[in-house]
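One structure is given here, and the rest of the page talks about it.
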Amino acid sequence: MTLKHTLSIFIIFSILGWFGDTLVRTIDFGYWYSYNAFNIPFSPTYGLACVVILFMHQLMKTYSLRTHFFVYLITLPIYELIAGFVGEWVTHRKLWDYSWIPGNIYGYTTPFHALLWGVSGVLLVYWLDPLICRWLHITDPEFKKTSSR
1 MTLKHTLSIF IIFSILGWFG DTLVRTIDFG YWYSYNAFNI PFSPTYGLAC
51 VVILFMHQLM KTYSLRTHFF VYLITLPIYE LIAGFVGEWV THRKLWDYSW
101 IPGNIYGYTT PFHALLWGVS GVLLVYWLDP LICRWLHITD PEFKKTSSR
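So that you can map any letter, position 59 of the sequence shown is 59 in my numbering, and since no number is skipped, the others follow by simple counting.
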């Protein structure tokens with residue numbers, strides 16, 4: 001991945017992640033609810049997760065879609081757990097809490113969220129990243145080798 005590709009993915013998905021998170025919280029609470037550590041429409045946890053997914057994809061480019069799904073299903077909840085602990089350590093407050101969901105791990109991740117990460121990782125690698133690369137005219141020599149199309 002080129003630096004332009006990496007930064008583009010990080011910025012785009014930090015903004016989209018904030019938007020998605022705000023939308024879900026607004027629906028849950030029934031009123032506009034935007035909360036993050038920075039008080040701006042930017043959530044680096046999501047952007048970094050997408051960069052991690054794309055780096056993992058480059059390491060696993062010869063593996064099947066099913067393998068990608070299961071790798072994301074297992075590794076990204078671990079990332080979410082670490083991000084939760086680090087976020088709480090840095091901000092001195094819990095940035096998200098899923099403790100009300102059965103099977104949660106310290107309130108930072110759940111089996112349901114693991115499933116979402118697995119699906120999201122596959123969608124990012126096989127659909128969203130190629131779309132964004134075309135949209136931004138990113139010509140990454142490794143891109144054609146790692147895309148399974």
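We treat Cβ as the ideally placed atom computed from N, Cα and C, and that holds for glycine.
query: Run of the alpha helix (DSSP H) containing Gly118, from where it starts to where it stops; result: 111-123
query: C-alpha gap between Thr22 and Ile15, whole angstroms; result: 11 Å
query: The stretch 44-53 touching the stretch 113-128, judged by at least three CB pairs closer than 8 Å; result: yes
query: Proximity to Thr109 [Cα-Cα], best of Thr67, Leu136, Tyr79; result: Tyr79
query: Contact check, Tyr63 vs Gly17, beta carbons under 8 Å; result: no
query: Alpha carbon of His5 to alpha carbon of Trp32, nearest angstrom; result: 32 Å
query: Buried or exposed by the 16-neighbour rule on C-beta atoms within 10 Å, applied to Phe13; result: buried
query: Beta-bridge pairing of Ile105 - partner residues as DSSP gives them; result: Thr109
query: 8 Å CB neighbourhood of Leu81 in its chain, flanking five on each side removed; result: Ile105, Tyr106, Tyr108, Thr109
query: Assumed close pair Leu59, Ala114 - CB separation to whole angstroms, cut-off 8 Å; result: Contact doesn't hold; Cβ gap of about 20 Å is too wide.
query: Where Asn36 falls, given that 16 or more other Cβ within 10 Å makes a residue buried; result: buried
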